[in-house]
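Student: So that we are looking at the same thing, I have put the structure below in structure tokens.
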Amino acid sequence: MTKAVDERQPTLLARAEKIAGEFDLSPDDVRSITRHFVRQMKDGLAHERVWQLPSYVRRVPTGKEKGKFLAVDLGGSNCRICLVDLHGDSTFTVSQSKDSVPPEVTVNPSYRPLFDFVAHRIADFLKGNENPQCVQGLKDAEQHQTYNLGFTFSFTCEQTSLAGGRLIHWDKGWDIPDAVGRDPCRMLQEAIDHLGLPVIVSVLANDSVGTLLTRSYTSGPTASTLAAVILGTGTNAAYIERLSNVRRLGAEPISDQIMIINTEWGCFDDKMDVLPRTPFDDELDEASTDPGSQMLEKRVSGLYLGELLRLTILHLMQTNALAITCNPTSRIFERHSIDSSFLSELAKAGSDRAQTTIQLIKATLSAEGVTETDARGIQLLASAIARRAARLAGASLAAIIIQSGRLKMSTKGTEHTYTTDDDEQRPQLTSRSSMRSIHRFIHDATLLWRRLLRLVGMGSLIGKPPIPPLSETKSSVVFQEDIIDIGADGSLIEFYPMFEVEMRRAMRDVPEIGPTGDQRIRIGMAKDGSGVGAALIAQAASEMQGAIAI
Ligand code: GLC
Numbered sequence: 001m002t003k004a005v006d007e008r009q010p011t012l013l014a015r016a017e018k019i020a021g022e023f024d025l026s027p028d029d030v031r032s033i034t035r036h037f038v039r040q041m042k043d044g045l046a047h048e049r050v051w052q053l054p055s056y057v058r059r060v061p062t063g064k065e066k067g068k069f070l071a072v073d074l075g076g077s078n079c080r081i082c083l084v085d086l087h088g089d090s091t092f093t094v095s096q097s098k099d100s101v102p103p104e105v106t107v108n109p110s111y112r113p114l115f116d117f118v119a120h121r122i123a124d125f126l127k128g129n130e131n132p133q134c135v136q137g138l139k140d141a142e143q144h145q146t147y148n149l150g151f152t153f154s155f156t157c158e159q160t161s162l163a164g165g166r167l168i169h170w171d172k173g174w175d176i177p178d179a180v181g182r183d184p185c186r187m188l189q190e191a192i193d194h195l196g197l198p199v200i201v202s203v204l205a206n207d208s209v210g211t212l213l214t215r216s217y218t219s220g221p222t223a224s225t226l227a228a229v230i231l232g233t234g235t236n237a238a239y240i241e242r243l244s245n246v247r248r249l250g251a252e253p254i255s256d257q258i259m260i261i262n263t264e265w266g267c268f269d270d271k272m273d274v275l276p277r278t279p280f281d282d283e284l285d286e287a288s289t290d291p292g293s294q295m296l297e298k299r300v301s302g303l304y305l306g307e308l309l310r311l312t313i314l315h316l317m318q319t320n321a322l323a324i325t326c327n328p329t330s331r332i333f334e335r336h337s338i339d340s341s342f343l344s345e346l347a348k349a350g351s352d353r354a355q356t357t358i359q360l361i362k363a364t365l366s367a368e369g370v371t372e373t374d375a376r377g378i379q380l381l382a383s384a385i386a387r388r389a390a391r392l393a394g395a396s397l398a399a400i401i402i403q404s405g406r407l408k409m410s411t412k413g414t415e416h417t418y419t420t421d422d423d424e425q426r427p428q429l430t431s432r433s434s435m436r437s438i439h440r441f442i443h444d445a446t447l448l449w450r451r452l453l454r455l456v457g458m459g460s461l462i463g464k465p466p467i468p469p470l471s472e473t474k475s476s477v478v479f480q481e482d483i484i485d486i487g488a489d490g491s492l493i494e495f496y497p498m499f500e501v502e503m504r505r506a507m508r509d510v511p512e513i514g515p516t517g518d519q520r521i522r523i524g525m526a527k528d529g530s531g532v533g534a535a536l537i538a539q540a541a542s543e544m545q546g547a548i549a550i
């Protein structure tokens, strides 16, 4: 290390720590974000907003659904064509093709190139070019002659029924102006008809809704799945709401019916009343295809975290704090060229494997002269950006859980704990069954008995507890019926170490949830759930037929 470099290293760490501090989100910040989001959710349920969008899905799978369905899953980066075989026992098999969507069709004056691209992928799939197994699957399903296709379209759409809707706006860097206001199912059908394929686009689904359905299907009827979160290229969540609360639909207040709501939480607080803001967030937003929009998504999702890190590193380089030099063709100089997986790799390398971190930085940024201090500084920035994202996701999930009313039923028998001020929205709770109280009493008494035996040195007499709880944490027992099950999908939650841990820390900062509520929350992966979810909606639509609209 040269003397000049040596001298600026302590400054670097101080500067990196200062910038990292700007990404901190205190428990108070989390609480006010959650409260604001609960208010926004209520507002979106009552009035037509671009969030809290009704999905028209009014029941959740039990795991018993059966049949073969074709699905298209068009997300922020890939297009997957799937043949989903629902086995009726909470399991399924999927044969699929997966292609990245060419960038030139995602930013285009016309919608036709995008939907032509998708239709061609369907044609290839039907021909069985990609996967001979699919042909067999489709032959089995051929009694219908035409295939009903479920379309998962991961962009903001106001649905008018299960079978269609209109695109409200693009995000995640896509920009096809003449598609806005049109029905994605119709645009796809037009391209399919042009190729003369025997396919009818029969249902439209958001990926968050699809993931929720897949999680419910695979978890079975007793799992009580409440919501699903997407933490990938984009971010969003769907949850189960009481239909009587969906006042924007003018629905009758029938208390025992439900509807899945696509929250579109990526655009929560676009007015920036409570969301945190750094100069790097502003720079990212100004250079985006949709400035002023998707402000939560721009702080949470994978598409943006790499870019935020790039901007902070570049800032430290330009102000001469970082000692590294980058090749002029380095990704550090190119917008959106750093993937969020870089943040995951930096976190995995940890602070005690300096050489691994240095090599990773050199390879990713085409950089030279990376010192241990540089590596530490970059790691600090990356973890601050990712921690803020996870805490924001936690604050948002807390809002969903509060709004859903699931917490209002305490784990203690008939006692109900109402924590929000909205009496009107109290669910019609029936008393918890006395069987459950007896169960808890026996379980607690058994634990006490075992402790006593241990105390008097007769621990060897301890057998298994007669009624084992389903999920047990250090400090308390959580019964199956108290579990609030959340499905999750996306690279951030799957690959970023500690993402879920940080989300949970934030949820515990919200008094309505706290440690007790946190213990009831189970988050499980519903990997690639969006395609299977579209098949599940197609299955439900084929059963419900005319009875699907409100
Ligand atoms: C964006 C889209 C939303 C989608 C999410 C995750 O936020 O607006 O519809 O669910 O990305 O893919």
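Under full-length UniProt numbering, the first residue of the sequence shown is numbered 1, with each subsequent residue one higher. Backbone N, C-alpha and C define an ideal beta-carbon position, used for all residues, glycine too.
Among V180, T222, A506, N236, whose alpha-carbon lies nearest the alpha-carbon of S530?
Tutor: Working through the sequence shown from its first residue, we reach residue 530 at position 530. Of V180, T222, A506, N236, the residue nearest in Cα terms is N236.
Student: Tell me which residues share the same chain as S434 and place their Cβ nearer than 6 Å to its Cβ, disregarding the 5 neighbours each side in the sequence.
Tutor: Within the sequence shown, residue 434 is the residue found at index 434, counting from 1. Low per-residue confidence applies at S434: pLDDT is 43, beneath 50, and the placement is therefore not dependable, though the value from the model is reported in the following sentence. Within the same chain, S434 has no close Cβ partners at all.
Student: Opposite M272 in the DSSP bridges: which residues?
Tutor: In the sequence shown, the residue the question calls residue 272 occupies position 272. Answer by DSSP bridge pairing: none, since M272 is not bridged.
Student: Please list, in chain order, all residues of the same chain as G67 whose beta carbon is under 6 Å from its beta carbon, the five residues on each side excluded.
Tutor: The count along the sequence shown starts at 1 and reaches residue 67 at position 67. Result list for G67: L86, Q539, in chain order.
Student: In chain order, what residues of the same chain have a beta carbon less than 7 Å from the beta carbon of D29, not counting five sequence neighbours either side?
Tutor: Indexing the sequence shown from 1 puts residue 29 at position 29. Counting only Cβ-Cβ distances below 7 Å, and skipping sequence neighbours, we find P276.
Student: Grab the span of the alpha helix (DSSP H) containing C185 for me, first residue to last.
Tutor: By 1-based counting over the sequence shown, the position of residue 185 is 185. 184-195 is the span of the alpha helix (DSSP H), which, as asked, contains C185.
Student: Within 10 angstroms of the Cβ of G377, are there 16 or more other Cβ atoms? Answer buried if so, exposed if not.
Tutor: Locating residue 377 in the sequence shown gives position 377, counting from the first residue. Looking at its Cβ environment, which holds 16 or more other Cβ atoms inside 10 Å, G377 is buried.
Student: Short of 8 Å in beta carbon distance, which residues of its chain neighbour S293, apart from the five on each side in sequence? Order them along the chain.
Tutor: Numbered from 1 along the sequence shown, position 293 holds the residue referred to as residue 293. Correct list, in chain order: H169, D171, C267, D270.
Student: Label M317 either buried or exposed according to how many other C-beta atoms from any shown protein chain fall within 10 Å of its C-beta, with 16 as the threshold for buried.
Tutor: Numbered from its first residue, the sequence shown carries residue 317 at position 317. Burial call: buried.
Student: When you measure from the CB of D151 to every non-hydrogen atom of the ligand GLC, does any distance come out below 6 Å?
Tutor: Translated into positions along the sequence shown, residue 151 becomes position 151. With the sequence shown as reference, residue 151 is identified as Phe, and Asp is not the correct amino acid for it. Not so, every heavy atom of the ligand GLC lies at least 6 Å from the Cβ.
Student: Just reading off the beta strand (DSSP E) that E241 is part of, what are its end residues?
Tutor: Here the question's residue 241 lines up with position 241 in the sequence shown. First-last of the beta strand (DSSP E) with E241: 235-242.
Student: With DSSP as the reference, label I261 as helix, strand or coil.
Tutor: To locate residue 261, count along the sequence shown from 1; it is residue 261. In this structure, I261 counts as strand in the three-state DSSP scheme.
Student: Who are R522's beta bridge partners in DSSP?
Tutor: Stepping through the sequence shown from its first residue, residue 522 is reached at position 522. For R522, which the question treats as bridged, DSSP gives the partners D485.
Student: Quick one, which of Q40, G220, L83, S404 has its alpha-carbon nearest S244's?
Tutor: Within the sequence shown, the letter at position 244 stands for residue 244. When each option's Cα is compared against that of S244, the closest is S404.
Student: Under 6 Å: does the beta carbon of F499 sit that close to some heavy atom of the ligand GLC?
Tutor: Position 499 of the sequence shown, counting from 1, holds the residue named residue 499. Result no, Cβ not under 6 Å from the ligand GLC.
Student: For K412, does the count of other Cβ atoms within 10 angstroms reach 16, so buried, or fall short, so exposed?
Tutor: Your numbering for residue 412 matches position 412 in the sequence shown. Summary for K412: the model assigns pLDDT 45, below 50, so the residue's position carries little reliability; its value from the coordinates is reported in the next sentence. Exposed, by the Cβ-count rule.
Student: Per DSSP, what kind of secondary structure is Q539 in: helix, strand or coil?
Tutor: To locate residue 539, count along the sequence shown from 1; it is residue 539. It is helical.
Student: Rounding to the nearest angstrom, what Cα-Cα distance links A488 and A398 in this structure?
Tutor: What you label residue 488 is simply residue 488 of the sequence shown in a count that begins at 1. What you label residue 398 is simply residue 398 of the sequence shown in a count that begins at 1. If you take the alpha carbons of A488 and A398, they lie about 14 Å apart.
Student: Go through its chain and collect everything with a Cβ distance to A534's Cβ below 7 Å, but skip five positions before and after it.
Tutor: Taking the first residue of the sequence shown as 1, we reach residue 534 at position 534. Answer for A534: A71, D73, G150, F151, T152, V203, A205, G210, listed in chain order.
Student: Mind checking whether the beta-carbon of E297 lies closer than 6 Å to any heavy atom of the ligand GLC?
Tutor: Within the sequence shown, the letter at position 297 stands for residue 297. Correct: E297 has its Cβ closer than 6 Å to the ligand GLC.
Student: With DSSP as the reference, label N78 as helix, strand or coil.
Tutor: Position 78 of the sequence shown, counted from the first residue, corresponds to residue 78. Strand.
Student: According to DSSP, what are the bridge partners of Q96?
Tutor: Taking the sequence shown and counting its residues from 1, one reaches residue 96 at position 96. Its beta-bridge partners are C82.
Student: Less than 6 Å separating the Cβ of G234 from some heavy atom of the ligand GLC?
Tutor: Locating residue 234 in the sequence shown gives position 234, counting from the first residue. Yes - the ligand GLC has a heavy atom lying nearer than 6 Å to the Cβ of G234.
Student: Go ahead and label D256 buried or exposed: buried means 16 or more other beta carbons lie within 10 angstroms of its beta carbon, across all protein chains shown.
Tutor: Position 256 of the sequence shown, counting from 1, holds the residue named residue 256. Its Cβ having fewer than 16 others within 10 Å, D256 is exposed.
Student: What number of angstroms, rounded off, separates the C-alpha of D518 from the C-alpha of A389?
Tutor: Start at 1 with the first residue of the sequence shown, and residue 518 comes out as number 518. Start at 1 with the first residue of the sequence shown, and residue 389 comes out as number 389. One C-alpha to the other measures close to 19 Å.
Student: Does the beta-carbon of L12 have 16 or more other beta-carbons within 10 angstroms, so that it is buried, or is it exposed?
Tutor: Taking the sequence shown and counting its residues from 1, one reaches residue 12 at position 12. So L12 ends up on the buried side.
Student: Output needed for F117: all residues of its chain with C-beta closer than 6 Å, excluding positions within five of it in sequence on either side, in chain order.
Tutor: Translated into positions along the sequence shown, residue 117 becomes position 117. Excluding sequence neighbours, F117 sits near V105.
Student: Determine the DSSP secondary structure at F69, reduced to helix, strand or coil.
Tutor: The count along the sequence shown starts at 1 and reaches residue 69 at position 69. Three-state result, F69: strand.
Student: So what's A227 in DSSP terms, helix, strand or just coil?
Tutor: In the sequence shown, the residue the question calls residue 227 occupies position 227. In this structure, A227 counts as strand in the three-state DSSP scheme.
Student: With a threshold of 8 Å on Cβ separation, who are the neighbours of E17 within its own chain once the five nearest residues in sequence on each side are excluded?
Tutor: For the purposes of this step, residue 17 is identified with residue 17 of the sequence shown, where counting begins at 1. Excluding sequence neighbours, E17 sits near L380.
Student: Would you report the Cα separation of P279 and T312, rounded to the nearest angstrom?
Tutor: Here residue 279 refers to the residue found at position 279 of the sequence shown. Here residue 312 refers to the residue found at position 312 of the sequence shown. Looking at the two C-alpha atoms, the distance is approximately 9 Å.
Student: Report the option in F23, T329, T225 whose CA atom is closest to the CA atom of G63.
Tutor: The count along the sequence shown starts at 1 and reaches residue 63 at position 63. It is T225 whose Cα lies nearest to the Cα of G63.
Student: Do F115 and L188 come within 7 Å of each other at the CB atom, strictly closer than that value?
Tutor: Here residue 188 refers to the residue found at position 188 of the sequence shown. Here residue 115 refers to the residue found at position 115 of the sequence shown. Yes, the pair counts as a contact, with Cβ atoms nearer than the cut-off.
Student: Can you tell me which of the three DSSP states L12 falls into?
Tutor: Counting from one through the sequence shown, the residue named residue 12 turns up at place 12. Looking at L12 - three-state DSSP - the assignment turns out to be helix.
Student: Would a C-beta distance cut-off of 7 Å place V201 and C185 closer than the cut-off?
Tutor: Position 201 of the sequence shown, counted from the start, is the residue given in the question as residue 201. Position 185 of the sequence shown, counted from the start, is the residue given in the question as residue 185. Contact flag set, yes.
Student: Could you please give the first and the last residue of the uninterrupted beta strand (DSSP E) stretch that includes F499?
Tutor: Counting from 1 along the sequence shown, the entry for residue 499 is found at position 499. First-last for F499: 499-508, but that is the alpha helix (DSSP H), not the beta strand (DSSP E).
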